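>
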Amino acid sequence: MSDGKLVCVTGASGYIASWIVKFLLQRGYTVRATVRNPNDHKKVEHLLKLEGASERLQLFKADLLAENSFDSIVEGCHAVFHTASPFLLNVKDPQADLIDPAVNGTLNVLKSCVKSPSVKRVVLTSSVAAVAYNERPKSPEVVVDETWFSNPDYCRELELWYLLSKTLAEDAAWKFAKENNLDLVSVNPAMVVGPLLQAELNTSAAAILNLINGSFSLSIKLLLCCNEILSFVWIWVTSHDVSQTESNSIAFSISSDIEKGNKK
Ligand SMILES: NC(=O)c1ccc[n+]([C@@H]2O[C@H](COP(=O)([O-])OP(=O)(O)OC[C@H]3O[C@@H](n4cnc5c(N)ncnc54)[C@H](OP(=O)(O)O)[C@@H]3O)[C@@H](O)[C@H]2O)c1
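Position in the sequence shown (first residue = 1) + 531 = our numbering.
Right, dumping it as structure tokens:
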């Protein structure tokens with residue numbers, strides 16, 4: 532049981548994060564949810580309606596690129612779910628639109644976590660994008676495991692900017708976590724599909740809709756990415772499974788704390 536423990540979810544208005552917030556509230560946690568604009572009714576209304584929200588959901592304004600903006604929010608939190616990161620496939624300026632918020636934003640959040648002794652674990656929503664995109668052969672007998680990383684040069688060469696942003700962000704996160712003795716867990720979902728809690732379509736849900744309504748531009752871009760690497764297979768997971776996995780991962784933190792004898 533959570534005993535009302537305080538946790539933080541970044542980018543809470545997003546597709547996956549909304550489900551994480553829902554499951555955490557269901558399990559009795561008190562959730563500090565960061566959004567870019569808490570006054571944007573369309574982005575936060577669904578969160579405010581979640582069961583337990585009126586008692587245990589607190590909204591905070593935070594931008595990934597505003598240094599120290601997460602300091603006071605994560606202070607006192609038991610765990611932090613870092614989910615905020617742009618998932619966009621068509622951008623004008625890959626560095627500004629994707630790579631900076633992914634990499635600098637992740638480091639910004641992790642730096643705040645290190646400053647707060649209450650934070651026992653950080654769960655990073657990474658992606659298969661950070662794992663599978665390299666020159667290694669992907670035949671049926673090959674096992675893709677935690678030793679795999681995407682190759683940034685390969686992503687640059689193919690102009691797979693979202694994939695590059697996730698690869699660089701996860702790499703930076705692991706380096707920072709090792710240097711600062713931070714307990715980090717990375718979750719690497721493939722394309723996520725399932726019911727939406729939020730009002731607006733996110734990129735993975737839009738890909739499904741585009742297959743149905745015949746507007747293929749986005750889907751083709753995705754297909755080009757995936758076909759190049761994954762031999763004409765699209766990999767999908769459900770939002771339910773991803774969010775359950777993430778919210779479960781702090782239960783491990785609590786039990787490992789007990790083993791270490793430092794449970795708060
Ligand atoms: N959906 C998938 O298939 C999939 C698969 C694997 C991994 N992921 C990862 O899962 C995470 C969430 O993806 P999603 O599909 O749920 O996307 P989403 O619905 O587009 O959510 C992205 C979230 O990031 C926030 N964000 C973007 N830039 C920000 C900034 N500069 N400062 C603060 N917040 C910012 C957005 O805030 P606003 O609402 O203010 O824009 C939004 O809440 C991402 O890290 C993504 O890479 C997604």
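Note that the Cβ used here is the ideal one computed from N, Cα and C, for glycine as well.
As the structure is a computational prediction, the values presented were derived from the model and not from experiment.
Taking the straight line between their C-alpha atoms, what separation do you get for residue 777 and residue 653?
Going from the Cα of residue 777 to the Cα of residue 653 covers about 10 Å.
> Quick check: the Cα distance between residue 614 and residue 543, rounded to an integer number of angstroms?
The straight-line gap from Cα to Cα measures roughly 8 Å.
> Just jot down, in chain order, the residues whose CB lies closer than 5 Å to any heavy atom of ligand 1.
Taken from the N-terminal end onward, the list reads 542, 544, 545, 546, 547, 567, 594, 595, 614, 615, 616, 617, 618, 632, 656, 658, 720, 722, 723, 733, 735.
> Where do the N-terminal and C-terminal ends of the beta strand (DSSP E) with residue 557 fall, by residue?
Taken as a continuous stretch (DSSP letters only), residue 557 belongs to no beta strand (DSSP E), being part of the alpha helix (DSSP H) at 546 to 557.
> Starting from residue 587 and walking both ways along the alpha helix (DSSP H), at which residues does that stretch end?
From DSSP, the alpha helix (DSSP H) with residue 587 extends over 584 to 587.
> What's the call for residue 842, buried or exposed, on a 16-neighbour Cβ count within 10 Å?
As shown, the chain starts at 532 and ends at 795. That puts residue 842 outside it, with no answer to give.
> With DSSP as the reference, label residue 542 as helix, strand or coil.
Note: residue 542 maps to coil in three-state DSSP.
> Buried or exposed for residue 770, please, with buried defined as at least 16 other CB atoms from any protein chain shown within 10 angstroms of its CB.
When all chains shown are included, residue 770 counts as buried.
> Would you report the Cα separation of residue 620 and residue 684, rounded to the nearest angstrom?
The alpha-carbon atoms of residue 620 and residue 684 are separated by roughly 18 Å.
> Using the C-alpha atoms, what's the distance from residue 639 back to residue 617?
Looking at the two C-alpha atoms, the distance is approximately 15 Å.
> Which residues bound the alpha helix (DSSP H) around residue 603?
Here the alpha helix (DSSP H) through residue 603 covers 602 to 605.
> Opposite residue 654 in the DSSP bridges: which residues?
Residue 654 pairs with 612, 716.
> Would you mind sorting residue 546 into buried or exposed? The rule is 16 or more other CB atoms within 10 Å of its CB.
With 16 or more other Cβ atoms within 10 Å, it is buried.
> Considering only their Cβ atoms, is the gap separating residue 773 from residue 720 smaller than 8 Å?
Against a cut-off of 8 Å, the Cβ pair of residue 773 and residue 720 comes out as a contact.
> List the whole-angstrom C-beta distance separating residue 680 from residue 661, where the pair is believed to meet the contact cut-off of C-beta under 8 Å.
Contact holds; Cβ gap of about 7 Å.
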